[in-house]
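Working notes for the structure below.
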Amino acid sequence: MKLIRSIDLLNDKKRLLHLNILSIFLIVLFFLFFIGVTILFPVSETPTNFSVERILLLGIGLILLIVIHELIHGVFFRVFSPKGKVKFGFDIKKGVAYAASPGSKYSRGQFAWISLAPFLLITLGLTIAYFSGALLAGVYIFLATLHGAACVGDFYWIYLLLQSPKGSLVEDTEVGINFYH
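The structure is reproduced here in structure tokens:
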């Protein structure tokens, strides 16, 4: 197999800027979607008063979701490449948290699962928590919206996967991905 495309996402400031701009659009889109869910299927009322404590708890909840998100990536990396080593990191300057399995190669389908699993599982978990009454509507909207928008990099991988030829392999790297065909 021959290298056909290499994406160095962590060091591509222009691409990161574009993804950050896209995430703003995703915030609006997911906010409208999740507020629609709570309007169509009201389960709990949302307190209208905000305290510093509530804001801090929401921030902690979001950080916890980011950690869980990356751990889910790590689990799926291991599922599809049991011998592959998984690395986790956070670049505070770039505002990027990541899980990587440098050197491991995956089919397009496997890498799609690796990319989308955190979005699907966390969104499902938050939605179940909302419908069971464990999350207030406002907390559900906030966490699901910001987490969904934070998945912009994962959605970008899916976009690239869809552009790659059938039968391609995806190699995860510490800074992005490589495509082979």
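Residues 300 to 480 in this note's numbering are what the sequence shown spells out, letter by letter.
Glycine residues also receive a C-beta, built at the ideal position from the N, C-alpha and C atoms.
Fair warning: this is a prediction, and the values are worked out from it, not measured in the lab.
Fill in: Cβ distance (whole Å) where residue 425 is taken to contact residue 434 below 8 Å
Here residue 425 refers to the residue found at position 126 when the sequence shown is read from its first residue. Here residue 434 refers to the residue found at position 135 when the sequence shown is read from its first residue. The Cβ separation is near 7 Å, so the contact holds.
Practice prompt. Tell me the start and end of each unbroken alpha helix (DSSP H) in the stretch 440-471 that is at least 4 residues and wholly inside, in chain order.
Written response: Fully enclosed alpha helix (DSSP H) runs of 4 or longer: 451-462.
Worksheet item: When DSSP labels each residue in this structure, what does residue 313 get in the three-state scheme?
Response: Stepping through the sequence shown from its first residue, residue 313 is reached at position 14. Residue 313: helix per DSSP, three-state reduction.
Worksheet item: Quick one, are the C-beta atoms of residue 478 and residue 326 less than 9 Å apart?
Response: By 1-based counting over the sequence shown, the position of residue 478 is 179. By 1-based counting over the sequence shown, the position of residue 326 is 27. Their beta carbons are not under 9 Å apart, which means residue 478 does not touch residue 326 by this criterion.
Worksheet item: Between which two residues does the alpha helix (DSSP H) containing residue 385 stretch?
Response: The count along the sequence shown starts at 1 and reaches residue 385 at position 86. Premise fails: residue 385 is in no alpha helix (DSSP H) and is neither H nor E.
Worksheet item: By a C-beta neighbour count over all protein chains shown, 10 Å radius and 16 as the cutoff for buried, is residue 447 buried or exposed?
Response: Taking the sequence shown and counting its residues from 1, one reaches residue 447 at position 148. Answer is buried; the Cβ neighbour count reaches 16.
Discussion item. So for residue 395, helix, strand or coil by DSSP?
Written reply: In the sequence shown, residue 395 corresponds to position 96, counting from 1. Residue state, collapsed to three classes: strand.
Discussion item. Let me make sure I understand the geometry here. Which of 398, 463, 454, 440 has the alpha-carbon closest to that of residue 335?
Written reply: Along the sequence shown, read from residue 1 onward, the residue named residue 335 stands at position 36. Taking each of 398, 463, 454, 440 in turn and checking the Cα distance to residue 335, the smallest one comes out for 440.
Practice prompt. Measuring only between beta-carbons, confirm whether residue 470 sits less than 9 Å from chain D.
Written response: In the displayed structure, chain D is absent; only one protein chain is listed.
Worksheet item: Do residue 396 and residue 471 come within 9 Å of each other at the CB atom, strictly closer than that value?
Response: Indexing the sequence shown from 1 puts residue 471 at position 172. Indexing the sequence shown from 1 puts residue 396 at position 97. Residue 471 is not a Cβ neighbour of residue 396, given a cutoff of 9 Å.
Worksheet item: Roughly how many angstroms separate the alpha carbons of residue 383 and residue 374, rounded to a whole number?
Response: For the purposes of this step, residue 383 is taken as residue 84 along the sequence shown, with counting starting at 1. For the purposes of this step, residue 374 is taken as residue 75 along the sequence shown, with counting starting at 1. One C-alpha to the other measures close to 11 Å.
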